[in-house]
Each structure stands twice: as C-alpha cells, then as structure tokens.
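Visitor:
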Amino acid sequence: MKNYKIYIAPMSGITDYSYRQILKKFHPDLMYTEMVNSTLFTRENEKTLKTIMRMSKDENTGIQLFGSDMDELFSNFCKLHEMGYHDLLLNMGCPKPKILKNGSGAGLLDRIDDIDSLLTRLNREKIKVSLKIRLCDKIDEYFALAYKQEIPYLCVHARSLQEKFESDSHFEEIKRLSKLPRNFEFIANGGIYSLEDFKNIQDINIDGIMLARGIIGNPWLISEIQNGINYTPTLDEIKSTLIEHIQLIKEDKGEKKAVIEINKFLEHYFKNFNINYTDIMLEMDYAKKIEYIKRAI
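Under our numbering, the residue at position 136 of the sequence shown is numbered 136, and the numbers go up by one with no gaps.
(1) Taking the C-alpha atoms as reference points, what is the distance between residue 35 and residue 105?
(2) Is it buried or exposed for residue 4, if we count other Cβ within 10 angstroms and need 16 for buried?
(3) Using only alpha-carbon positions, find the residue among 198, 273 and 30 that is nearest to residue 206.
(4) What three-state label does DSSP hand residue 94 in the structure shown?
(5) Go through its chain and collect everything with a Cβ distance to residue 97's Cβ below 7 angstroms, but skip five positions before and after it.
(6) Out of 189, 15 and 231, point me to the one whose CA is closest to residue 261's CA.
(7) Could you tell me whether the segment 232-248 touches the segment 267-277, where touching means 3 or more Cβ pairs closer than 8 angstroms?
(8) Any idea if residue 17 is buried or exposed, counting beta-carbon neighbours within 10 angstroms, 16 or more meaning buried?
(9) Could you please give the first and the last residue of the uninterrupted beta strand (DSSP E) stretch that includes residue 64?
(10) How many Å lie between residue 151 and residue 89 at the Cα?
(11) Does the beta-carbon of residue 231 have 16 or more other beta-carbons within 10 angstroms, so that it is buried, or is it exposed?
(12) Note down the Cα distance separating residue 75 from residue 255, rounded to an integer number of angstroms.
(13) Should the segment 175-194 be called in touch with the segment 102-121, which here means at least 3 C-beta pairs below 8 angstroms?
(14) With three or more C-beta pairs closer than 8 angstroms as the rule, is the segment 246-255 touching the segment 211-228?
(15) Taking all protein chains shown into account, do 16 or more other C-beta atoms lie within 10 angstroms of the C-beta of residue 37, making it buried, or fewer, making it exposed?
(16) For residue 130, report the span of its beta strand (DSSP E) as first-last.
(17) Could you tell me the distance, in whole angstroms, from the CA atom of residue 85 to the CA atom of residue 62?
(18) How close, in whole Å, do the beta carbons of residue 132 and residue 183 come, if the pair is a contact with beta carbons under 8 angstroms?
(19) For residue 113, count neighbouring C-beta atoms within 10 Å of its own C-beta (all shown protein chains included) and say buried if the count is 16 or more, exposed if not.
(20) Assuming contact is defined by CB atoms lying nearer than 9 angstroms, are residue 127 and residue 81 in contact in what I supplied?
(21) Considering only their Cβ atoms, is the gap separating residue 155 from residue 189 smaller than 9 angstroms?
(22) Looking only at its own chain, which residues have a Cβ that is under 6 angstroms from the Cβ of residue 215, when we skip the five neighbours before and after it?
(23) Look at residue 59 and residue 83 and say whether their C-beta atoms are less than 9 angstroms apart.
(24) Return helix, strand or coil for residue 169, following the three-state DSSP convention.
(25) Let's test the definition: count the other Cβ atoms within 10 Å of the Cβ of residue 209 and tell me whether it reaches 16, buried, or not, exposed.
(26) Mind pulling the alpha helix (DSSP H) runs of 4 or more residues that sit fully within the segment 185-217?
(27) Using CA coordinates, which residue listed in 134, 6, 285 and 52 is at the minimum distance from residue 163?
(28) What are the start and end residues of the beta strand (DSSP E) that includes residue 157?
See below:
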C-alpha cells in the first residue's frame, strides 16, 4: 500500500504546544501550530510569539498565517523564513465569520491574482509557501497556479465555503483534481475521522492527508491510518494520555488554564466510553481534577 503523508492541520485552541507533544509521539509527517494572525505577528504580540509559536526542538512543525493584506503577508513570511521556519502555509480555507469578516481565510479564494503576485514575490526571495484552500469555482485555476508557482503542496478541503464543515466531503472532486498534472504534493482534507473514512479515499492519487477535527482527543487515529489497522485505546490508555495532556498544559500555561483548557478535549477522549465526565469538567482544583480523571469508569 502506498505510504501517504499525514499532516496535522493548524487549529486554534487545539494544536497548541501541549497537545503537539502528545501528537508527535504518533509520528505525523508534519504538524502546525495554532493559526497565526498575521497582523498580531506584525505587532509582535506576546501571545503570538511566546505561546502560539512555541515549539520543542524535536517536533516537525510549521507555521500557518491568516490575513488579507498581501504586503503584510509577504513581509511576515519573509520574517518567518529568516527566523528559521520553512514549512510555511497560507490559510485560504477557514470559514469562521470572525476570520472572514476581515477578508482572511476562505475570504481570499476570490483573489487568485493577488495570491499569484504574492507567491511570485516570495519566489524571488526563494521562499516557498504552501496553500490550504477549499473547493470553489476557481479550484482548477488554483491547481494551475500551484503548478506554475511550484509550491511545496496544495491542500484542498473537500467542501465549499458555503458548506463549512456541515456536509459530506466531495472526494469525487478530489479524485478529479488528482488526475490533473502537478509538480507539487496534493493533500486532501475534510471529513476524515476514522480509518474507514481514509480507506474510502486511499485509491485516489493524492500524496497525503491533513487531519483536523478527527484527531482531537484521538491521536491514535494517526497510527490507525499509518498501520491500516483499527485500534481502540483502552480506558486506562486514555486516562494516562489525558493526565499527561493536562500536565503538559500546566507546565506551559499554569494550573488555572490547565483545568479549563483540558475540558474541550474530554468529550473527544471519552467518546467510546459511557462516562459521565461532568464532575471532571466542573472541578477547578488541579489536583482534584487529576484524581477525578484517575477514578473515571
């Protein structure tokens, strides 16, 4: 079976430093930090520089920018390259209203000429930036643009902006695109939550997949896809990973944030078990929260 690359999408509030330390044990080919706001990066915002962009030396992690000002994006990609970041990605797929209202994310899809000019300017500086987009009216033009600009990879989310995350993914369109000429990696994204989801697309001529919401509280999905074998972690494995996760958040951000931020993961970690995790979620004392997790049955 062909070896498909597995990338982990940048997700605000999810792919922070602590959770990437969990994910990296499963050896994805590439991970991303949380989405980086280009304007805040320009202002050298402390949270952006110290928290979102924090990395360990042994993790293979890139940076994705979102923004709408082409000059600002150009300047910031150059700055990131100078700082030693080489896996650079432009967000052109996020459908969230707070991103779209500034013309960022999927709001860039109609600006193909501006994107072409941005990539040309970056190429002159010998800086390569990949694109993460969605299905759209200009999808074939973007494929041609990626070919022309020789970008590292083009990641296509298999839903349109209007569909957001709600509909079934249109992998038949990914299959059609996969037959077009390319000199870049073609990465599929959207609606891959299980090994079975992946098996439905593994006959498509893609180079890899980008996992997103499917790995929230389920890093084992990476191994399932790598090995081609279904795997359900035991409750003890889940509790051990969950405790390690909250400890990593504590080390990175302190106890107060740890007891709050771990809550968004609880439903996902425990989804295969009939566990009432309300007490865990409501507990605001760090030590007691650990004990509740240990006793969960």
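Backbone N, C-alpha and C fix where the C-beta goes; we use that ideal spot for every residue, glycine too.
Guide: Looking at the atomic coordinates:
(1) 10 angstroms
(2) buried
(3) 198
(4) coil
(5) none
(6) 15
(7) yes
(8) buried
(9) 61-66
(10) 10 angstroms
(11) exposed
(12) 36 angstroms
(13) no
(14) no
(15) buried
(16) 129-135
(17) 7 angstroms
(18) Their Cβ separation, rounded to whole angstroms, is 18 angstroms, which puts residue 132 and residue 183 out of contact at 8 angstroms.
(19) exposed
(20) yes
(21) yes
(22) 221
(23) no
(24) coil
(25) buried
(26) 195-199
(27) 134
(28) 153-160
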